[in-house]
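**Student:**
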Amino acid sequence: MAEEFPNTDVTGIDIVPPDVLSRPSTVLPSNCVLKVADGTTEIKKYRVAFDIIHFRAAHLGMPNLATILLEDSAHALVPGGLLLLIHCVPIILKDDLSAYPVTDEGQPEEPLIGSVKLTLKKPA
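Following this line, the structure appears as structure tokens:
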């Protein structure tokens with residue numbers, strides 16, 4: 007993103023160091039900062055700081071996901087900013103290539119696949 011949009015500042019935050027940092031030959035663009043930090047606490051440090059916040063598979067390590075995504079991200083976005091969420095439900099296949107049902111532990115075998123639609127409105 008930093009190379010594609012050189013007139014922007016790109017900040018990446020992940021609790022695991024990205025592979026790119028382990029390669030000695032890698033030179034990051036001057037408009038790119040990669041932080042190794044806990045996103046659940048790091049996002050709280052930013053207020054009205056980002057035009058876009060993008061989460062991909064962050065739910066795997068965030069027990070208080072709703073608070074982080076909706077409250078903390080809203081505070082970190084500029085007015086009119088965009089929150090992009092990428093979430094997946096893994097499908098595990100049996101030997102016959104049929105899928106195991108996706109269930110919650112201790113619950114009957116009912117699919118947990120659903121969707122949530124959020125509408126953000128400007129304050130009056």
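Just so we're aligned, residue 7 is where the sequence shown starts under the working numbering, counting upward by one.
We put the beta carbon where it would ideally sit given N, CA and C, even for glycine.
All figures in this text were calculated on a predicted structure; none of them were measured in a lab.
1) Hey, could you find the ends of the beta strand (DSSP E) residue 60 is sitting in?
2) Give me the DSSP bridge partner(s) of residue 16.
3) What residues are listed by DSSP as bridge partners for residue 83?
4) Between the alpha carbons of residue 32 and residue 91, how many angstroms are there, rounded?
5) Suppose contacts are defined by Cβ-Cβ distances below 9 Å. Is residue 17 in contact with residue 40 by that definition?
6) Between which residues of its own chain and residue 58 is the CB-CB distance below 7 Å, once the five residues before and five after are set aside?
7) Over what stretch of residues does the alpha helix (DSSP H) that includes residue 47 continue unbroken?
8) From the DSSP secondary-structure annotation, give me the bridge partner or partners of residue 92.
9) Mind checking whether residue 62 and residue 81 have CB atoms under 9 Å apart?
**Tutor:** Judging by the given coordinates:
1) 56-62 is the extent of the beta strand (DSSP E) around residue 60.
2) Paired residues: 38.
3) Answer is 56, bridged to residue 83.
4) Straight-line spacing of the CA atoms in residue 32 and residue 91 works out to 28 Å.
5) Contact flag set, yes.
6) Cβ within range, chain order: 87, 88, 90.
7) From DSSP, the alpha helix (DSSP H) with residue 47 extends over 45-48.
8) For residue 92, which the question treats as bridged, DSSP gives the partners 62.
9) Taking 9 Å as the cut-off, the beta carbon of residue 62 is found no closer than this to the beta carbon of residue 81.
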